Each structure stands twice: as structure tokens, then as C-alpha cells.
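Novice:
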Amino acid sequence: MGAPARTASAWQGYRLFYSQFRQHFHTTGAIAPSGAALARAITAPLALAPAGGLRVLEVGAGTGVFTRAILGHLGPGDALDVYEINPAFRPFLQARLAEAEVEQRGIACRLHFASVAELAASAEFDFIVSGLPLNNFAPAQVEELLALFLSHLRPGGVLSYFEYLYIRDLKCALIQDAAERTRLRAVGAVVAEFLRQNPHQQIRVPWNLPPAVAHHVSRASPPRPPHPSRGGRAALPAGEIGAKGREIPKGGPPPGDEFGAAPARRSASLGPRAPKPA
Ligand SMILES: C[S@@+](CC[C@H](N)C(=O)[O-])C[C@H]1O[C@@H](n2cnc3c(N)ncnc32)[C@H](O)[C@@H]1O
13 MGAPARTASA WQGYRLFYSQ FRQHFHTTGA IAPSGAALAR AITAPLALAP
63 AGGLRVLEVG AGTGVFTRAI LGHLGPGDAL DVYEINPAFR PFLQARLAEA
113 EVEQRGIACR LHFASVAELA ASAEFDFIVS GLPLNNFAPA QVEELLALFL
163 SHLRPGGVLS YFEYLYIRDL KCALIQDAAE RTRLRAVGAV VAEFLRQNPH
213 QQIRVPWNLP PAVAHHVSRA SPPRPPHPSR GGRAALPAGE IGAKGREIPK
263 GGPPPGDEFG AAPARRSASL GPRAPKPA
């Protein structure tokens, strides 16, 4: 590909996404990119973050709908690493960085066309935003990915990821393949257990196709001190999202879901990882 176009039309994005869905269903996992409402919901914790020095990881960027929203929250001194396994999305992601004028705004961005399993063991982030299609993966892989993300969060950091609402139940009701039904149910159990063990908030996004829910999971810890130029915090305390007028389930997190649970641990089967720098 030549120099990245500064903007790429939404139509081109839908076309590319659909073609990748057909060619790489397992990793792409959706027929179309996420909508703007889901991008806002999944990046909501970033809006509360202190300015300067933030390290953000995006995983599974596709055509960059979330990338654009993330970059809208970043400023000078912040850094974004993007891991996208499918290099077909490269021109779109390059265009996202160009249109956001990241160099001029002093935001350090790196695009990695590789699996997130190759993340350097020492890498640490304040925010991790994942677009991975968890429903397509084996339950053990989902468990490891979620544990991997938590292990790369700085204390006080937030992991944000999404799931489509009702899709798992609908598929379980409709599919004939018993093994596939068992796999999907097991993925649902892994995600439910992960949320049960970790402090989290949810934002439902009915105006996405399909409707979705963004999960924001905190790594327990003291929050980063606020930057003098802008109040705020890196962790997402209960009630903040609601206070900003976005939809959260009535009643908030379930009882006992206190901020402060221990992060999960990573096990080995995600494959080799980059060595720790000396
Ligand atoms: C459901 S799409 C989401 C794309 C985009 N975030 C959005 O919401 O429109 C999932 C994306 O994850 C990428 N992906 C799947 N497995 C990955 C992995 N192990 N590491 C990095 N990216 C991966 C796919 O190539 C695809 O672009």
C-alpha cells in the first residue's frame, strides 16, 4: 500500500470488514465494524483520566472505530500501542493516526500487526481496550486473554471490552452442533466468572448492530495522582459513568463486587511472548 489516505470512508470500512469477516471469520468475529455509540461507551473511562503520560493498549482494532475514539481522549505525552492481527486493516489504521494528527499533537502511536500474545512481558498500561471476538475463541483461550490483559494493567488501570447482547443465548438456542453449544456456554461461564471476580461496571449500548455491552474492569489499587492541569482519575469508580449520562444497568455492580479483588494470573497456552527487555 502507498501513503495512507488521511480519511477512509465509512463505506470502504464496511466493505473491507465484511470481506475480512468472510475470509477470517474466526478472528474477525463480526460482519461490520462497531458503531460510534459503542466506541464512546468502550472509551468512557478514558474521558475521566488525568492528562499526560497515559499508556493505552488497543487490541483488535479492525478499521479503527475504537482507535479514533481513543485518540480523541489522548493528548501530548500520551502513548497508544495497537495490536491488530490482520494486516489487511493497516491502511485504515494508518489513516486513523493521520486524521488524528498524532505526531503534531505529541501522541506516541505504534501499530503492531501481530497477535496480542506477542506483547512484551514488561509492557504496562493504564487502559486496555479490546475489540476481540471472545465468542469465537475456546474457553481456555478466553480465560487466558482476560488474565493476560489484567496482568498488563498498571495498578488502578481499566480493561474495557465488549460483548454482543443476547447473541450467545440466541446461538445456543439455534445451533444444532452440540459441541459448539457447549463451547459457547463455557465461554459465557468464563466471562461471567471473570466479571464476578473483578470489580467492574457495564454500559449497555442498544444502538449498536447488534446491541452490545461494554465491560469496564478495574485492577484494584490506589489511583494515579491526578495531573495538576486536569482533575480526574485512571480508575473508574462506581457511579461516574452514570453521572456523565451514559446508560448503566440499574443497581450497578452486583453485591460483593467491590473494587479490590486480586487480578487473575496468566497461564502458558497463549504461545510464546516477546522476551523481557534487559
Ligand atoms: C470484532 S473485530 C473488532 C474490530 C473493531 N475494534 C471494531 O469494534 O469495529 C475483532 C478484531 O480483532 C482482531 N484480532 C483477532 N484476534 C486477534 C489477536 N490475537 N491479536 C490482535 N488482534 C486480533 C481481528 O483481526 C479483528 O480486527
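Under the working numbering, read the sequence shown as residues 13 to 290, first letter to last.
Quick reminder that beta carbons are idealized off the backbone N, C-alpha and C, glycines included.
No experiment lies behind these values; they were computed from the predicted model shown.
Any heavy atom of ligand 1 closer than 7 Å to the beta-carbon of Ile97?
Specialist: Start at 1 with the first residue of the sequence shown, and residue 97 comes out as number 85. At least one heavy atom of ligand 1 is nearer than 7 Å to the Cβ of Ile97, so yes.
Novice: Tell me whether Gly72, by its Cβ, gets closer than 7 Å to a heavy atom of ligand 1.
Specialist: Position 60 of the sequence shown, counted from the first residue, corresponds to residue 72. Because some heavy atom of ligand 1 lies under 7 Å away, the Cβ of Gly72 counts as near it: yes.
Novice: Quick check: the region 128-141 against the region 54-72, are there 3 or more CB pairs under 8 Å?
Specialist: Verdict: yes, contact present.
Novice: I'd like to confirm something about Pro145: is its beta-carbon nearer than 7 Å to some heavy atom of ligand 1, or not?
Specialist: Position 133 of the sequence shown holds residue 145. At least one heavy atom of ligand 1 is nearer than 7 Å to the Cβ of Pro145, so yes.
Novice: Could you tell me if the beta carbon of Gly84 falls within a distance shorter than 7 Å of some heavy atom in ligand 1?
Specialist: The residue you call residue 84 lines up with position 72 of the sequence shown. Gly84 Cβ: outside cutoff for every heavy atom of ligand 1.
Novice: Could you tell me how far apart the beta carbons of Leu165 and Leu157 are, in whole angstroms, since I believe they sit closer than 8 Å?
Specialist: On the sequence shown, residue 165 is found 153 positions in, with the first residue counted as 1. On the sequence shown, residue 157 is found 145 positions in, with the first residue counted as 1. No, Leu165 and Leu157 are not in contact; Cβ-Cβ is about 13 Å, not under 8 Å.
Novice: For Ala51 and Ala190, I'd like the C-alpha separation in whole angstroms.
Specialist: To locate residue 51, count along the sequence shown from 1; it is residue 39. To locate residue 190, count along the sequence shown from 1; it is residue 178. Roughly 34 Å between the two C-alpha positions.
Novice: Return the CA-CA distance between Gly143 and Ala73, expressed in angstroms with no decimal places.
Specialist: One-based indexing of the sequence shown puts residue 143 at position 131. One-based indexing of the sequence shown puts residue 73 at position 61. Taking the straight line joining both Cα atoms gives about 6 Å.
Novice: Just reading off the alpha helix (DSSP H) that Phe139 is part of, what are its end residues?
Specialist: Position 127 of the sequence shown, counted from the start, is the residue given in the question as residue 139. Unbroken run through Phe139 is the beta strand (DSSP E), Phe137 to Ser142; no alpha helix (DSSP H).
Novice: Looking at Val114 and Leu105, is the spacing between their C-beta atoms short of 8 Å?
Specialist: Here residue 105 refers to the residue found at position 93 of the sequence shown. Here residue 114 refers to the residue found at position 102 of the sequence shown. Going by C-beta atoms, Leu105 is not nearer than 8 Å to Val114.
Novice: Please work out which residues of its chain come closer than 8 Å, Cβ to Cβ, to Pro315, disregarding the five sequence neighbours upstream and downstream, and give them in chain order.
Specialist: Summary: the structure shown does not reach residue 315, with the chain confined to residues 13 through 290, and so no result is reported for it.
Novice: Is there contact here, the region 53-60 with the region 22-41, by at least three beta-carbon pairs under 8 Å?
Specialist: Segments in contact, no.
Novice: Quick one: any contact between the region 83-99 and the region 120-127, if contact means 3 or more CB pairs under 8 Å?
Specialist: Touching, yes, given that three or more Cβ pairs across the two stretches are closer than 8 Å.
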